[in-house]
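Numbering (numbering that gives the first Met the number 0), first residue to last: 0 to 162.
Using N, Cα and C, we set each Cβ at its ideal position, and we do this for glycine too.
This structure is a prediction, so every number in the text was calculated from the model and none was measured.
Scroll down for the structure; my scribbles are underneath it.
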Amino acid sequence: MSAAPAEPQPAVDRRTQLELQDAELTLARFDLDDAWWLGSWIVAHSREHSYRVAVDIRRVNQVLFHAALPGATPDNEHWIAQKSATCLRMERASSLVSLQFEAMGLDPLRGWLPEGALAAGGSVPIKVTGAGTVAAVTVSGLSSDDDHDVAVAALEALREHQG
Numbered sequence: 000m001s002a003a004p005a006e007p008q009p010a011v012d013r014r015t016q017l018e019l020q021d022a023e024l025t026l027a028r029f030d031l032d033d034a035w036w037l038g039s040w041i042v043a044h045s046r047e048h049s050y051r052v053a054v055d056i057r058r059v060n061q062v063l064f065h066a067a068l069p070g071a072t073p074d075n076e077h078w079i080a081q082k083s084a085t086c087l088r089m090e091r092a093s094s095l096v097s098l099q100f101e102a103m104g105l106d107p108l109r110g111w112l113p114e115g116a117l118a119a120g121g122s123v124p125i126k127v128t129g130a131g132t133v134a135a136v137t138v139s140g141l142s143s144d145d146d147h148d149v150a151v152a153a154l155e156a157l158r159e160h161q162g
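Here it is in structure tokens:
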């Protein structure tokens with residue numbers, strides 16, 4: 000008598016995947032031209048896939064790029080503000096913050112983050128080698144995971160574009 004086959008397990012769980020991205024996704028530089036390129040890439044990619052999203056790239060006190068595509072709503076603006084606040088405060092992806100709180104048994108909605116911050120996926124830190132987090136790129140309008148994945152794909156495209 001043989002045991003039932005075990006269900007296949009994902010090679011890497013989502014939290015581990017995000018932790019690896021956080022450690023590895025860095026750029027050689029990031030300036031205003033790069034912000035424009037990055038935001039424009041997300042807009043073009045989103046139009047190609049008919050995503051109804053808003054896109055934001057910001058430093059702590061300066062918006063570097065912002066666009067809302069057809070179908071995006073004012074709610075997306077609130078999500079962007081909250082997700083980017085989390086990303087910039089914690090210097091890691093808002094998705095990763097959410098999963099790390101969950102792993103510790105903490106509810107991120109119960110006062111662990113500053114007012115106006117939210118641990119939902121879609122905001123990813125823009126890290127520069129030797130400087131750390133310099134900005135955040137945020138997508139809102141899809142699922143948390145999909146918002147995150149679009150932002151990461153854009154950062155990977157920018158890194159390749161920079162050579």
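With DSSP run on the structure shown, which of helix, strand or coil describes residue 85? helix
Cα separation between residue 160 and residue 14? 27 Å
Does the structure place the stretch 94-105 close enough to the stretch 25-39 that three or more beta carbon pairs sit under 8 Å? no
If we count Cβ pairs, one from each stretch, closer than 8 Å, do we get three or more for the stretch 127-135 versus the stretch 74-81? no
Specify the secondary structure class of residue 57 as computed by DSSP and reduced to three states. strand
Do you know whose CA, among 121, 155, 137, lies nearest residue 144's CA? 121
Quick check on the DSSP output: the alpha helix (DSSP H) that includes residue 70 runs from which residue to which? From DSSP, residue 70 is part of no alpha helix (DSSP H); its letter is neither H nor E.
If residue 91 and residue 12 are in contact, beta carbons under 8 Å, what's the gap, nearest whole angstrom? In fact, because the Cβ distance is near 17 Å, the residues do not count as touching under 8 Å.
Own chain partners of residue 149 with C-beta closer than 6 Å, once the 5 adjacent residues on each side are dropped: 138
Three-state secondary structure assigned by DSSP to residue 131: strand
Compare the C-alpha of residue 29 against each of 57, 99, 53 and name the closest. 57
Buried versus exposed call for residue 61 [16 or more other C-beta atoms within 10 Å across all chains shown]: exposed
Residue 40 and residue 118 look like a contact to me (Cβ under 8 Å); what is the Cβ gap, rounded to whole Å? So it is not a contact: roughly 26 Å between Cβ atoms.
Would a C-beta distance cut-off of 7 Å place residue 59 and residue 26 closer than the cut-off? no
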